[in-house]
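This report concerns only the one structure given below.
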Amino acid sequence: RIIPPKKYVIVKRKHEFVDRHRHVLIQRVSNALAIAEELGDMVHNETYNIIQAKETSENRLRVLYSATLHSGGNKVKAAFYDALKRYEPDLMEDLGQLFPPFTKSTW
Numbered sequence: 001r002i003i004p005p006k007k008y009v010i011v012k013r014k015h016e017f018v019d020r021h022r023h024v025l026i027q028r029v030s031n032a033l034a035i036a037e038e039l040g041d042m043v044h045n046e047t048y049n050i051i052q053a054k055e056t057s058e059n060r061l062r063v064l065y066s067a068t069l070h071s072g073g074n075k076v077k078a079a080f081y082d083a084l085k086r087y088e089p090d091l092m093e094d095l096g097q098l099f100p101p102f103t104k105s106t107w
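In structure tokens form, the structure reads like this:
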């Protein structure tokens, strides 16, 4: 059995979390603009302008998911996960992912 590198496993788990909790995150994230800013160059300027123009965090996050997270791949979703931990710690704790159990037994 080949064990994948730890970094790959962590990125994959973050990606899975972002996909699995999409609907809850869209509804409950309140700092969507700060998260988009945190992602920096991963969010295209045009997309960022659209996000900024939206009036609610929910609509901002919908744009972020459809324009950036959907096409950005695992790396972008992992960065989004990290930004969620920084800007939405209570939500992440509610979802049980503030300190995920990245151990060999969960590979």
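If you're matching positions, the sequence shown starts at 1 in full-length UniProt numbering and goes up one per residue.
Heads up, the beta-carbon is just placed ideally off N, CA and C, and yes, glycines get one too.
> Around the C-beta of Val24, are 16 or more other C-beta atoms found within 10 angstroms, so that it is buried, or is it exposed?
Replying inline: On the sequence shown, position 24 is the one that residue 24 refers to. Val24 is exposed by the Cβ-count criterion.
>> Distance check for Asn45 and Asp94, CA to CA, integer angstroms please.
In response: Against the sequence shown, residue 94 aligns to sequence position 94. Against the sequence shown, residue 45 aligns to sequence position 45. When rounded, the distance between both Cα atoms is 32 Å.
>> Could you compute how far the alpha carbon of Thr106 sits from the alpha carbon of Arg13?
In response: Counted from its first residue, the sequence shown places residue 106 at position 106. Counted from its first residue, the sequence shown places residue 13 at position 13. Residue placement at Thr106 is flagged as unreliable, the pLDDT there being 44, under the threshold of 50; a coordinate-derived value is accordingly withheld.
> At what residue ranges does the UniProt domain "CARD" (10-99) contain a whole run of the alpha helix (DSSP H), taking only runs of 4 or more?
Replying inline: 22-28, 32-39, 45-53, 57-64, 70-87, 89-94
>> Quick test of your reading: Ala36 and Leu64, contact by CB under 8 Å. State the CB separation rounded to the nearest angstrom.
In response: Numbered from its first residue, the sequence shown carries residue 36 at position 36. Numbered from its first residue, the sequence shown carries residue 64 at position 64. The Cβ separation is near 6 Å, so the contact holds.
> Could you give the distance in angstroms between the alpha-carbon of Leu61 and the alpha-carbon of Glu16?
Replying inline: The sequence position of residue 61 within the sequence shown is 61, counting from 1. The sequence position of residue 16 within the sequence shown is 16, counting from 1. Answer to the nearest angstrom: the Cα atoms are 17 Å apart.
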